[in-house]
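See structure below.
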């Protein structure tokens with residue numbers, strides 16, 4: 511797996527561009543909103559609220575993780591790296607407190623909650639699979655670039 515700005519190594523399965531994480535976030539948000547809209551048809555506020563909570567936690571956790579990774583690997587950041595450890599610990603403490611209050615005050619439908627939590631992971635896996643399949647298709651066709659073929 512390489513980024514598109516680097517030269518592609520012969521053993522790399524596929525290339526990632528710099529907009530890949532943003533596309534994953536956008537797709538996850540779209541799928542989450544779609545599932546929440548569909549869940550309103552079930553006329554159960556517990557299922558809808560559990561799904562909203564799961565999607566929100568999934569999106570916020572992934573955004574925070576991606577932000578931390580981008581900031582941590584920057585070469586110009588040297589003295590602030592221990593602060594990322596503090597942010598990481600604070601994130602899990604806040605998540606624990608949020609889950610405590612969620613389960614304490616709302617009757618959570620556990621399956622809907624886990625579906626909401628798994629939206630981001632499912633989108634990431636599907637995006638990677640689509641990249642692999644498109645790259646495999648491009649390799650199998652082997653159409654040289656710059657040439658056109660007349661399709662009759």
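In this note's numbering, the protein residues as written are 511 to 662.
Ideal Cβ positions, reconstructed from N, Cα and C, are used throughout, including at glycine.
Residue 641 and residue 649 have their C-alpha atoms some 12 Å from each other. For the stretch 555-620, the continuous alpha helix (DSSP H) assignments of 4+ residues that do not extend past its boundaries occur at 555-582, 591-615, in sequence order. In the same chain as residue 618, and ignoring 5 residues on each side of it, the C-beta atoms closer than 6 Å to its own belong to 560, in chain order.
Boundaries of the alpha helix (DSSP H) around residue 645: 629-651.
Pairing residue 605 with residue 578 gives a Cβ-Cβ distance that is not under 9 Å. Spatial neighbours of residue 598 in its own chain (CB-CB distance under 8 Å, excluding positions within 5 residues in sequence) are listed in chain order as 578. Distance from the Cα of residue 635 is smallest, within the candidate group 595, 553, 552, 537, for 537. A distance below 9 Å separates the beta carbons of residue 563 and residue 612.
Residue 616 and residue 584 have their alpha carbons spaced roughly 41 Å apart. By the neighbour-count criterion, in which 16 or more other beta carbons inside 10 Å mark a residue as buried, residue 629 falls on the buried side.
Here residue 554 is not near residue 627, since their CB atoms are 9 Å or more apart. Taking 9 Å as the cut-off, the Cβ atoms of residue 541 and residue 558 do not count as close.
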